[in-house]
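Chemist:
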Amino acid sequence: MAPESDKTVRHWSGEPVTLALSHYDRHAPLVEGAVTIPGIPLKVMVVGQSESGPYGSHRHARMLNNEEFDIAEVSLSSYLMAKDQGAPFTAIPIFPRRLFSMSQMWVRKDSGISTPTDLPGKRVGLSTFQTTLSVLAKADLERSYKVPWRDIVWVTAREETRAFAPHSSVKLERLAAGESLLDAITAGTIDSVMIPHPSRAFLQNSQLVRLLKDPVAEESRYFREFGYFPIMHTIVFRNEVLQRSPGLAQAAFEAFQQSWRIANERWDDPNWSFLAWGRQAVEKQRKVLGEDIWPNGLEKNLTNLTWFIQQSYDQGLIGKPFPPSELFHPSVLEV
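Just so you know, the working numbering puts 108 at position 108 of the sequence shown, and the rest follows in order with no gaps.
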């Protein structure tokens, strides 16, 4: 099923356009080929980030450092850094991954940490300092709980996707080679972990609990106060691809929108997922958070993007704040 477009996509000759992304429900119609881009031979590749897919892992670095794909789902934070550093990429305002930070904060049961205000002076593990969830969690600690994130020692598990020089006021360390965040928190060498995608072993470890006793209530309050479900990822193109086919940005935007509409309709089936009460869960979420907590397009995400760009600057990841419109192709600024 091809999305309608009032922009002509220049016919693509040569090798297929590669699109690297995670296999979420909203991407399934693209992965299946139910949604295509007219005139563009598209090779959809399921590439993981922390976990491996059929085409491997480390998608963000493979795109933003090696330009390995034509189009890719990447970290909003690392894309901001790449853009600030003059790298040849341009995004469209599609945001396929979103997370609240509160559900992603973990401690040991015996840590003595029962509230975010216990964290100053403690050692907190992150995937990387620049991971979008890391930036969000640090900023949320300060905004929602008045916990200065600079008073915490941050311990990262992996090499940063984009290089940067941390502010001198930042307490930043790296795990020992071969050590995982799970190893470190269970051994007590770190006190908390804040990560976007805990491993199965992490989730099944009986020593670990979420820091907040009712993160869903906290996140519902957050949504009511700030008005958005925080963006984690966006869709980025190599500039060369858009130069070859300028209409591709809008056509791809419409393809993602069509994929999401199909995915959303599939949840009408009460047995679409493994969840016994999946349909009721959808209905409850809509009652609490509204009908559209996954908006695409620049206008509906300006508040989220403007605030996040400022946090990236405050955390020393970009050299200056800039308008969100500079992140996206001109053809999709008003869609």
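Glycine residues also receive a C-beta, built at the ideal position from the N, C-alpha and C atoms.
Throw me the rounded Cβ distance for the Asp-191 and Ser-273 pair, which I believe falls under 8 Å.
Modeler: In the sequence shown, counting from the first residue as 1, residue 191 sits at position 191. In the sequence shown, counting from the first residue as 1, residue 273 sits at position 273. In fact, because the Cβ distance is near 35 Å, the residues do not count as touching under 8 Å.
Chemist: Within 10 Å of its beta-carbon, does Val-236 have 16 or more other beta-carbons around it, so buried, or fewer, so exposed?
Modeler: The count along the sequence shown starts at 1 and reaches residue 236 at position 236. Flag for Val-236 reads buried.
Chemist: According to DSSP, is Ser-245 helix, strand or coil?
Modeler: What you label residue 245 is simply residue 245 of the sequence shown in a count that begins at 1. Three-state result, Ser-245: coil.
Chemist: In the DSSP output, which residue or residues are listed as bridge partners for Ser-75?
Modeler: As a first step, residue 75 is located in the sequence shown; it is residue number 75 there, counting from the start. Beta-bridge pairing links Ser-75 to His-233.
Chemist: Can you tell me whether Ile-190 is helix, strand or coil according to DSSP?
Modeler: Start at 1 with the first residue of the sequence shown, and residue 190 comes out as number 190. Ile-190: coil per DSSP, three-state reduction.
Chemist: Given a threshold of 16 other Cβ atoms within 10 Å of its Cβ, counted over all protein chains shown, does Ala-2 qualify as buried or as exposed?
Modeler: Start at 1 with the first residue of the sequence shown, and residue 2 comes out as number 2. Caution is warranted here: a pLDDT of 43 is assigned to Ala-2, below 50, making its placement in the model unreliable, and no coordinate value can be reported.
Chemist: Report yes or no: do the segment 127-146 and the segment 194-210 share at least 3 C-beta pairs separated by less than 8 Å?
Modeler: Taking 8 Å as the limit for Cβ pairs, the verdict is that the segment 194-210 does touch the segment 127-146.
Chemist: Leaving out the 5 sequence neighbours to the left and right, which residues in its chain are closer than 6 Å to Leu-211 when beta-carbon positions are compared?
Modeler: Reading the sequence shown from its first residue, position 211 is the one you call residue 211. Result list for Leu-211: Met-105, Val-107, in chain order.
Chemist: Taking the beta carbon of Ala-34 as the centre, do at least 16 other beta carbons fall within 10 Å, making it buried, or is it exposed?
Modeler: For the purposes of this step, residue 34 is taken as the residue at position 34 of the sequence shown. Label assigned to Ala-34: exposed.
Chemist: Taking DSSP as the reference, what is the three-state secondary structure of Phe-89?
Modeler: Taking the sequence shown and counting its residues from 1, one reaches residue 89 at position 89. Strand.
Chemist: Is Trp-154 helix, strand or coil when you go by DSSP?
Modeler: Numbered from its first residue, the sequence shown carries residue 154 at position 154. Trp-154: strand per DSSP, three-state reduction.
Chemist: Got a sec? Which residues, its chain only, sit under 7 Å from Leu-302 by beta carbon, not counting five neighbours each side?
Modeler: Translated into the one-based positions of the sequence shown, residue 302 becomes position 302. Answer for Leu-302: Pro-324, listed in chain order.
Chemist: Should Gly-319 be labelled buried (16 or more other beta-carbon atoms within 10 Å of its own) or exposed?
Modeler: As a first step, residue 319 is located in the sequence shown; it is residue number 319 there, counting from the start. The residue is exposed, with fewer than 16 neighbouring Cβ atoms inside 10 Å.
Chemist: So, at 7 Å on beta carbons, what are the nonlocal neighbours of His-27 in its own chain, with the 5 sequence-adjacent residues on each side left out?
Modeler: The sequence position of residue 27 within the sequence shown is 27, counting from 1. Excluding residues within five positions, the ones whose Cβ falls inside 7 Å are Leu-21, Pro-96, Ser-259.
Chemist: On the three-pair Cβ rule with 8 Å, is the segment 69-83 touching the segment 225-240?
Modeler: Flag = yes, the segment 69-83 and the segment 225-240 touch.
Chemist: Is it true that the CB of Asn-271 sits closer than 7 Å to the CB of Ile-364?
Modeler: In the structure displayed, the chain extends from 1 to 335; residue 364 sits before or after that span and is not available.
Chemist: Counting C-beta neighbours from all protein chains within 10 Å, is the total for Gln-85 16 or more, i.e. buried, or is it exposed?
Modeler: Against the sequence shown, residue 85 aligns to sequence position 85. So Gln-85 counts as exposed.
Chemist: Identify, in the order they occur along the chain, each residue of the same chain with its Cβ nearer than 7 Å to the Cβ of His-167, setting aside the five sequence neighbours on each side.
Modeler: Here residue 167 is taken as the residue at index 167 of the sequence shown, counted from 1. Excluding sequence neighbours, His-167 sits near Gly-316.
Chemist: What's the gap between the Cα of Ile-37 and the Cα of His-329?
Modeler: For the purposes of this step, residue 37 is taken as the residue at position 37 of the sequence shown. For the purposes of this step, residue 329 is taken as the residue at position 329 of the sequence shown. Using only the alpha carbons, I get a separation of about 17 Å.
Chemist: So, are the CB atoms of Gly-53 and Val-44 less than 7 Å apart?
Modeler: Along the sequence shown, read from residue 1 onward, the residue named residue 53 stands at position 53. Along the sequence shown, read from residue 1 onward, the residue named residue 44 stands at position 44. Contact: no.
Chemist: Please classify Lys-109: is it buried, with 16 or more other beta-carbons within 10 angstroms of its beta-carbon, or exposed?
Modeler: As a first step, residue 109 is located in the sequence shown; it is residue number 109 there, counting from the start. Lys-109 should be labelled exposed.
Chemist: How many angstroms separate the CA atom of Ala-251 from the CA atom of Leu-175?
Modeler: By 1-based counting over the sequence shown, the position of residue 251 is 251. By 1-based counting over the sequence shown, the position of residue 175 is 175. Taking the straight line from one Cα to the other gives about 43 Å.
Chemist: In the DSSP assignment, find the beta strand (DSSP E) that holds Lys-213 and state where it starts and stops.
Modeler: Along the sequence shown, read from residue 1 onward, the residue named residue 213 stands at position 213. Lys-213 -> no beta strand (DSSP E), and no H or E assigned at all.
Chemist: Between the alpha carbons of Pro-118 and Lys-146, how many angstroms are there, rounded?
Modeler: Translated into positions along the sequence shown, residue 118 becomes position 118. Translated into positions along the sequence shown, residue 146 becomes position 146. The sequence given here has Asp at residue 118, not Pro. So the two alpha carbons sit approximately 11 Å from each other.
Chemist: Using the C-alpha atoms, what's the distance from Glu-283 back to Val-216?
Modeler: As a working note, residue 216 is residue 216 in the sequence shown. As a working note, residue 283 is residue 283 in the sequence shown. Val-216 and Glu-283: Cα-Cα distance of roughly 16 Å.
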